[in-house]
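Participant: Numbering (our numbering), first residue to last: 2 to 609.
Sharing a structure here in structure tokens format.
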Amino acid sequence: MIKSFDARRQQQAAWWLLFIAILIYAIVMSMESMLRYDTFKATAFDLGNMDQVLWNTIHGRWFQFTNQAVDWYGPPTRLALHFEPILLLLSLLYAFGANPHLLLISQTLALASGALPVFLLTRKYIPEWPLLAPLMAAVYLISPALLGLNIFDFHPISFATPLLLYAILALTYKRYGWFILACILAASCKEDIPFSLAILGLFLIWKYKLPRLGIALTIGSLVWSSIAFGIIIPHFYPGTQHNNFWYRYEVLGSSPGEAIGNLILHPWLLFTTFITFDRLYYLASLFRSTGFLCLLAPEWLLLALPTLAENLLSTDSLTFSGVYQYNAAIIPFVMIAAIHGTRRLITCWQDWRGEHSESGAWDLQKSASMKRPALSTVATQAKDGATTLVWRQSIALPLTSIYQHSTTTLNTWITASISFVKRILDRVQKSPASTRVSAITQARWTSLARVFSRKWQQFSERMEPLARAIPLLRLQWITLVWVIAMAALNLAVISPILGNFWADHIPATREQNIQRLLSMIPADASISAGSNLNPHVSERQHLAVFPSLSDSNADTPDIVQYIIVDLNAVFPEDRVSTDNEINHLLLSGQYKELARAEGVVLLVRNST
Numbered sequence: 002m003i004k005s006f007d008a009r010r011q012q013q014a015a016w017w018l019l020f021i022a023i024l025i026y027a028i029v030m031s032m033e034s035m036l037r038y039d040t041f042k043a044t045a046f047d048l049g050n051m052d053q054v055l056w057n058t059i060h061g062r063w064f065q066f067t068n069q070a071v072d073w074y075g076p077p078t079r080l081a082l083h084f085e086p087i088l089l090l091l092s093l094l095y096a097f098g099a100n101p102h103l104l105l106i107s108q109t110l111a112l113a114s115g116a117l118p119v120f121l122l123t124r125k126y127i128p129e130w131p132l133l134a135p136l137m138a139a140v141y142l143i144s145p146a147l148l149g150l151n152i153f154d155f156h157p158i159s160f161a162t163p164l165l166l167y168a169i170l171a172l173t174y175k176r177y178g179w180f181i182l183a184c185i186l187a188a189s190c191k192e193d194i195p196f197s198l199a200i201l202g203l204f205l206i207w208k209y210k211l212p213r214l215g216i217a218l219t220i221g222s223l224v225w226s227s228i229a230f231g232i233i234i235p236h237f238y239p240g241t242q243h244n245n246f247w248y249r250y251e252v253l254g255s256s257p258g259e260a261i262g263n264l265i266l267h268p269w270l271l272f273t274t275f276i277t278f279d280r281l282y283y284l285a286s287l288f289r290s291t292g293f294l295c296l297l298a299p300e301w302l303l304l305a306l307p308t309l310a311e312n313l314l315s316t317d318s319l320t321f322s323g324v325y326q327y328n329a330a331i332i333p334f335v336m337i338a339a340i341h342g343t344r345r346l347i348t349c350w351q352d353w354r355g356e357h358s359e360s361g362a363w364d365l366q367k368s369a370s371m372k373r374p375a376l377s378t379v380a381t382q383a384k385d386g387a388t389t390l391v392w393r394q395s396i397a398l399p400l401t402s403i404y405q406h407s408t409t410t411l412n413t414w415i416t417a418s419i420s421f422v423k424r425i426l427d428r429v430q431k432s433p434a435s436t437r438v439s440a441i442t443q444a445r446w447t448s449l450a451r452v453f454s455r456k457w458q459q460f461s462e463r464m465e466p467l468a469r470a471i472p473l474l475r476l477q478w479i480t481l482v483w484v485i486a487m488a489a490l491n492l493a494v495i496s497p498i499l500g501n502f503w504a505d506h507i508p509a510t511r512e513q514n515i516q517r518l519l520s521m522i523p524a525d526a527s528i529s530a531g532s533n534l535n536p537h538v539s540e541r542q543h544l545a546v547f548p549s550l551s552d553s554n555a556d557t558p559d560i561v562q563y564i565i566v567d568l569n570a571v572f573p574e575d576r577v578s579t580d581n582e583i584n585h586l587l588l589s590g591q592y593k594e595l596a597r598a599e600g601v602v603l604l605v606r607n608s609t
């Protein structure tokens, strides 16, 4: 009775802890985001430009923005940078009044809502540890990757984080309609998200035994990204590389095709160029928030592989700093891997203790023992020269089964794709070269599997005394303390970087004087603004980022009417060049000084 009461009380406490964690996060991060904006710490990239895109979109100029710097010569449309259809939905926030505060609050609420699927998935897979669910939700909320994503301006891809979590939640509870909707919305956040969804489609085939849905998701995702990368972005971007961000990967080649070729022909590039302390530290920071439990379910981390590859292969250190928007598609799968990894730990612990595991979770020891006879059979068949039959049973027959089940329900294009793949596999399997390769591969795999099985058995024998000494109830508290300690350590280690984002004071006299200067600029005037002032004047058609003096719009080739720059916010290495540029504009007679206060200078064009 006491144990039952304790479990029930823990479940009730878990819901309250979840509610409190989400509420505190939503309030604190909303206030911090708005405070950062109000104290002029938000930047043109990416709050000023996103504010202008949404303002233009709600006024009928879809995806248009002129808010560009001197190193950008592309057309005035967001489609030249990214394919983000979700901007059409987000622009509805401005239907009753445009204000960057709305963007910051909506981003915070969306990210906060991601704690709910983390909580529910933990309860689903680990019901015997009720308090772990709110802890996992809290770990998600305080992870530096999420905090950095939230506090640093505004990015549509931030909405992909909760959407991917809700997609997995819907899949877990077999709500396939909601699953498809969440996947479509997640894909609309950025053009590279579908790569993760394509891998998820393979998961549906392999892990969830949903071949039709999995094939549809994989093919649909790849088509989506192919259209975005191959047609839409190149159509609007005039450069020879057809991508404004390829400079990050030019060490691999001048184009994506050349980069792939270099990686195939020179694979050591990965080790000589990209295996660095900074990148390893970045991976550690991603996994440390969950106490490295995510490493116990590495198959779920495969879904984050496309984004991880983008970040790790980049030469831009911001992509693997761990605190910017580049981790939006990684966070969900790290959390899901941690949940399944904890379930796997519990299952193994029960087996080491000799207890029956009632969970249907994947069991490493059982899986290894189940596979051993099959591997022996494979080895015997390889020696008999019958490996082709094995490959038919393991690949061709499942594909044939998928084909037979799908012909009555799937569209013609999916059926044709399956049939095409099946014919190719059949032809490959019939070739003598394939038979020889299969024999060698299966023999190598059999040897490796035997070594793995033996090592795992030895490891299990060493763990059994420890497992018998620590019951599951005690293991629960040890795990909770471990996760809390690792999450706190990770937050403490990354906090100096995050500290650069937080506002260090509340709005006071300085902010009031700057607002007075901003109010002197007409709402319909064209303007070039410094990075920190840019988001405060971005709801207009014609805008540039100083020192650029034109908005790159072909309809308005003239230089801007107003210039406003906060000299106190200029980077030290740019201070001299900024002063020289302003002095040149004044001495040339193009502009005159209209007002100055708190280190902020406002210039107006003489012809205005």
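Think of the CB as a built atom: it goes at the ideal place given N, C-alpha and C, for glycine as much as any other residue.
State the Cα-Cα distance for the pair Leu-150 and Ser-448, rounded to the nearest angstrom.
Facilitator: If I take the Cα positions, the gap works out to 45 Å.
Participant: Check whether the Cβ atoms of Leu-105 and Ser-197 lie closer than 7 Å to each other.
Facilitator: Not in contact: Leu-105 and Ser-197 (Cβ atoms no closer than 7 Å).
Participant: Determine the burial state of Ala-329: buried for a count of at least 16 other Cβ atoms within 10 Å of its Cβ, exposed for fewer.
Facilitator: Answer is buried; the Cβ neighbour count reaches 16.
Participant: How is the beta strand (DSSP E) around Tyr-563 delimited, first residue to last?
Facilitator: From DSSP, the beta strand (DSSP E) with Tyr-563 extends over 563 to 567.
Participant: Taking the DSSP output, what are the residues bridged to Leu-604?
Facilitator: DSSP lists Ile-564, Glu-594 as partners of Leu-604.
Participant: In angstroms with no decimal places, state the Cα-to-Cα distance between Gln-562 and Lys-191.
Facilitator: The straight-line gap from Cα to Cα measures roughly 34 Å.
Participant: I believe Tyr-177 touches Leu-214 by the beta-carbon criterion, under 8 Å. Please report the beta-carbon distance rounded to the nearest angstrom.
Facilitator: At roughly 6 Å, the Cβ-Cβ gap stays under 8 Å, so Tyr-177 and Leu-214 are in contact.
Participant: According to DSSP, what are the bridge partners of Ala-134?
Facilitator: Paired residue(s): none; Ala-134 is not in a bridge.
Participant: Output needed for Pro-573: all residues of its chain with C-beta closer than 8 Å, excluding positions within five of it in sequence on either side, in chain order.
Facilitator: Contacts found: none.
Participant: With distances taken Cα to Cα, identify the nearest neighbour of Leu-117 among Leu-294, Ile-23, Glu-540, Leu-519.
Facilitator: Comparing Cα-Cα distances from Leu-117 to each of Leu-294, Ile-23, Glu-540, Leu-519, the minimum goes to Ile-23.
Participant: Terminal residues of the continuous beta strand (DSSP E) containing Val-224?
Facilitator: Run containing Val-224: none in the beta strand (DSSP E); it sits in the alpha helix (DSSP H), 212 to 228.
Participant: Spatial neighbours of Phe-334 within its chain, please: CB distance less than 7 Å, with the 5 preceding and 5 following residues excluded, ordered by chain position.
Facilitator: Taken in chain order, the residues that qualify are Trp-301, Leu-302, Leu-304, Ala-305.
Participant: Would Gly-202 and Leu-218 be called neighbours here (beta carbons separated by less than 7 Å)?
Facilitator: Yes, the pair counts as a contact, with Cβ atoms nearer than the cut-off.
Participant: Can you tell which of Trp-179, Leu-603, Leu-164 has its C-alpha closest to the C-alpha of Pro-195?
Facilitator: Of the candidates Trp-179, Leu-603, Leu-164, the one whose C-alpha sits nearest the C-alpha of Pro-195 is Leu-164.
Participant: Under the assumption that Pro-135 contacts Ala-15 (Cβ atoms under 8 Å), give the Cβ distance between them as a whole number of angstroms.
Facilitator: Yes, they are in contact, since the Cβ atoms of Pro-135 and Ala-15 sit about 5 Å apart, within 8 Å.
Participant: Grab me the residues of Leu-148's own chain with a C-beta within less than 7 Å of its C-beta, minus the 5 sequence neighbours each way, in chain order.
Facilitator: For Leu-148, where only same-chain residues beyond five positions count, the Cβ hits under 7 Å are Leu-499.
Participant: Whose C-alpha, out of Ala-596, Ala-488, Thr-348, is nearest the C-alpha of Ile-127?
Facilitator: Closest option to Ile-127, Cα to Cα, is Thr-348.
Participant: Using the rule of at least 16 other Cβ atoms within 10 Å of the residue's Cβ for burial, across every protein chain shown, is Asp-52 buried or exposed?
Facilitator: Asp-52 is buried by the Cβ-count criterion.
Participant: Could you please give the first and the last residue of the uninterrupted beta strand (DSSP E) stretch that includes Ser-529?
Facilitator: Its beta strand (DSSP E) spans residues 528 to 530.
Participant: Tell me, please, which residues DSSP counts as bridged to Val-546.
Facilitator: Answer is Ala-530, bridged to Val-546.
Participant: Roughly how many angstroms lie between the CA atoms of Ile-265 and Phe-230, to the nearest whole one?
Facilitator: Approximately 22 Å between the Cα atoms of the pair.
Participant: Can you list, in chain order, the stretches of the beta strand (DSSP E) that have 3 or more residues and sit fully within the segment 15 to 94?
Facilitator: As far as the segment 15 to 94 is concerned, it has no whole beta strand (DSSP E) run of at least 3 residues.
Participant: Quick one: measure Cβ to Cβ for Ile-515 and Val-601, integer angstroms, because I've assumed they're closer than 8 Å.
Facilitator: With a Cβ gap of about 5 Å, Ile-515 and Val-601 count as contacting.
Participant: Could you check what DSSP says for Phe-453 in three-state terms: helix, strand or coil?
Facilitator: Helix.
Participant: By Cβ distance below 7 Å, which residues in the same chain neighbour Ala-468 in space, the five residues on each side in sequence not counted?
Facilitator: Here the set comprises Trp-350, Trp-353, Arg-354.
Participant: Of the residues Arg-37, Arg-289, Tyr-209, Ser-31, which one's Cα is nearest the Cα of Pro-508?
Facilitator: Answer by Cα proximity: Arg-37.
Participant: In the structure shown, what three-state DSSP assignment does Tyr-174 receive?
Facilitator: The answer is coil: DSSP assigns Tyr-174 none of H, G, I, E or B.
Participant: If you follow the alpha helix (DSSP H) that Gly-115 is part of, which residue opens it and which one closes it?
Facilitator: Element bounds for Gly-115: n/a, residue is neither H nor E.
Participant: Would you call the CB atoms of Gly-342 and Ala-285 closer than 7 Å?
Facilitator: No; because the gap between Cβ atoms is not below 7 Å, this pair is not in contact.
Participant: For the alpha helix (DSSP H) holding Gly-258, just list the boundary residues, first then last.
Facilitator: Gly-258 -> alpha helix (DSSP H) spans 257 to 266.
Participant: Using only the alpha-carbon positions, how far apart do Leu-122 and Ala-530 sit?
Facilitator: Using only the alpha carbons, I get a separation of about 46 Å.
Participant: Could you give the distance in angstroms between the alpha-carbon of Thr-389 and the alpha-carbon of Gln-443?
Facilitator: Confidence at Thr-389 is low in this model, with a pLDDT of 38, below 50, so the placement of that residue is unreliable and no value is reported for it.
Participant: Span of the alpha helix (DSSP H) holding Pro-235?
Facilitator: Pro-235 -> alpha helix (DSSP H) spans 234 to 237.
Participant: So, does the segment 532 to 552 touch the segment 63 to 70, judging by three or more C-beta pairs under 8 Å?
Facilitator: Result yes; three or more Cβ-Cβ pairs closer than 8 Å.
Participant: Considering Cys-349, what are the terminal residues of the alpha helix (DSSP H) in which it resides?
Facilitator: Per DSSP, Cys-349 belongs to the alpha helix (DSSP H) from 332 to 353.
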